[in-house]
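In what follows, a structure is listed as structure tokens, so that the remarks can point back to it.
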Amino acid sequence: MRCLRLFSVLYEHRGLNSIARSFSSRRRGKRNNLRQYAEDDNVGMASALSAKAIQQVLDEETHRIQQQRDGPKAIDTKRQKRWENAMEKKKARKQSQAYLQQPLFKIDSPALQAFGQRTLLDYESLTCSNFPGEIHIIETIEDEAPYLGLLEKMKVVGIDCESRPQMFGRYDPPIAMVQVTSQDCSLLYRIRRTSDIDGSTIVHSTFPGLEAFLANPDIVKIGHGCKGDFKGIQKDGIASTIRSTLDTLPLASGVGCLRPNLAALGLIWQRLRISKEMQTSDWECVALSPEQVQYAATDAWMARQVMLSLLQFPASHKFLHVLNYIPDRVCRGKSAKDTIAELVEIATTEGIAQEWNCPLPSPSQPSQPSQPIDTIDTL
């Protein structure tokens with residue numbers, strides 16, 4: 001039983017498919033009398049991982065289970081200080097001239113041919129923008145009920161997930177929030193939050209409307225580098241099936257973007273700047289701050305808008321793949337050609353022109369920020 005439990009923990013945290021394949025190869029080798037696989041007749045965990053690594057995985061799993069049961073413990077101040085210093089250094093590096101002057105596009109790439117040589121300094125005049133629609137925070141099934149009809153009517157949405165940051169941790173923490181954002185409405189599902197009564201962690205991973213929404217193949221779900229998010233949704237029991245997903249990351253990389261992070265893609269393809277200040281904030285806190293709410297909605301919305309702009313750049317089409325995440329594998333979804341036609345039509349209907357093809361604003365005439373959020377509904 002202990003061995004089975006160990007394999008379960010290792011598979012959950014490290015995805016050790018390679019070990020399973022290795023064991024399978026050994027069995028096959030023995031059947032075929034291949035000497036290199038028949039030498040070790042007693043394949044144990046020591047043949048794949050050191051005892052120290054195994055014990056570390058078990059210790060961290062025990063700590064995670066204890067945290068779920070007992071709630072968050074006191075913050076290690078030294079660890080917190082190290083984390084803050086690391087974040088400050090990262091911020092300073094991204095604001096340095098050396099970083100800002102690096103080229104944005106690969107040599108001889110479609111993006112370079114379309115834009116010419118550009119750096120982040122060329123977009124300095126753009127001001128920060130936020131999601132311009134309504135935002136609703138959902139914490140319980142009762143909170144979700146008024147928006148079931150809205151979920152069914154959505155056609156193209158941005159999807160993103162947030163988690164409590166791990167300070168120098170080895171494993172991804174469980175999902176704390178799932179954001180679903182359309183053209184004019186954003187639903188923020190709080191999966192994990194801290195109780196304001198006793199400080200324990202409240203986990204609410206079952207939302208029938210969200211689960212049906214994610215499994216609906218007629219609704220296109222767009223994320224940025226979203227494979228980990230969708231795998232996390234499955235792992236944490238939020239939904240077992242997510243269909244008709246698109247990822248902006250391979251499209252941006254495919255056309256030649258050297259910095260395919262969402263903030264840079266927003267500048268290039270939407271001429272919009274988004275703030276990432278709240279990215280490493282505590283997403284399991286008792287109540288989200290207005291800044292966290294704005295960031296969460298804007299991040300999911302930006303992935304959607306970037307995709308609608310990218311698909312108006314013909315060179316990106318060959319890099320688009322529609323994927324379905326089902327319980328045992330990831331497979332191709334509906335026709336990429338039909339999906340492209342559908343999204344280009346939606347972009348035209350919504351008035352999302354080829355923003356990337358417009359002249360950049362001059363430094364003396366910065367672009368106007370988007371309108372503030374109309375509504376933040378906490379129910």
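Take the sequence shown: its position 250, counting from 1, is numbered 250 in UniProt numbering, and each next residue is one higher. Note that CB positions come from ideal geometry on N, CA and C, so glycine has one too. All values reported here derive from a predicted model rather than from experimental measurement.
Option in the options with minimal Cα separation from residue i
i    : options                   : result
G228 : I159, A264 and D108       : I159
D172 : C257, Q113, E162 and Q55  : E162
P327 : I107, E284, C285 and S240 : S240
H317 : A145, T339 and D299       : T339
K153 : S335, F213 and I135       : F213
H224 : S182, D299, C185 and E60  : D299
E134 : I54, R93, T201 and V180   : V180
A303 : L151, F131, T280 and D282 : F131
W301 : P103, T245 and Q183       : Q183
A86  : Q97, T280, A53 and F115   : T280
K91  : M278, Q56, F115 and V157  : M278
A315 : S205, E88, S289 and S109  : S109
V157 : C331, R329, R332 and A297 : A297
F313 : F115, Q97 and A53         : F115
Where residue i sits in the DSSP three-state scheme
i    : result
R259 : coil
N216 : coil
M278 : coil
E152 : helix
K221 : strand
R193 : strand
L188 : strand
D172 : coil
S240 : coil
T62  : helix
T245 : strand
S163 : strand
I268 : helix
T181 : strand
T206 : coil
Y37  : Only weak support exists for where Y37 lies, its pLDDT of 41 falling under 50; the coordinates are left without a value.
I19  : For I19, the predicted structure reports a pLDDT of 44, less than 50, and the residue's modelled location is therefore unreliable. A value from the coordinates is still provided. I19: helix per DSSP, three-state reduction.
Contacts around residue i, its chain only, beta-carbon distance under 6 Å, and the 5 residues preceding and following it disregarded
i    : result
F319 : P250, L251 and G254
C226 : D247
L120 : L100
K235 : none
I175 : C161, S163, I191, G232 and D236
T349 : none
Q166 : P173
Q56  : none
V331 : This sequence places Cys at residue 331; Val is not what is there. Within the same chain, C331 has close Cβ partners N324.
L34  : Reliability of the predicted coordinates at L34 is poor, the pLDDT of 49 falling under 50, and no value is obtained from them.
Sub-8 Å separation of residue i and residue j beta-carbons
i    : j    : result
L267 : L126 : yes
V203 : I191 : yes
C128 : S309 : no
R243 : N261 : no
L323 : V344 : no
V178 : I233 : yes
T194 : E291 : no
Q294 : Q270 : no
K155 : I346 : yes
Y325 : F230 : yes
D282 : R93  : no
C185 : L210 : no
Q113 : P103 : no
Residues near residue i in its chain [Cβ-Cβ closer than 8 Å; skip 5 each side]
i    : result
F207 : I138, I141, E144, Y189 and I238
D196 : V286 and A287
R273 : Y123, L126, T127, C128, S129, A263, G266 and L267
K334 : P217, S244 and V322
Close-in-space but distant-in-sequence residues of the same chain around residue i (CB under 7 Å, 5 per side omitted)
i    : result
A111 : F105, V255, G256 and C257
A341 : none
A336 : L320, H321 and V322
I107 : none
Distance cut-off 7 Å: residue i Cβ against heavy atoms of the ligand MG
i    : result
D198 : This structure simply doesn't include the ligand MG, nor any ligand for that matter.
- Message: Just to confirm the assignment: which complete alpha helix (DSSP H) runs, minimum length 4, are found wholly within the region 274-337?
- Response: 290-310
- Message: To test your reading of the DSSP string, which unbroken beta strand (DSSP E) runs of 3 or more residues are found completely within the region 91-161?
- Response: 134-138
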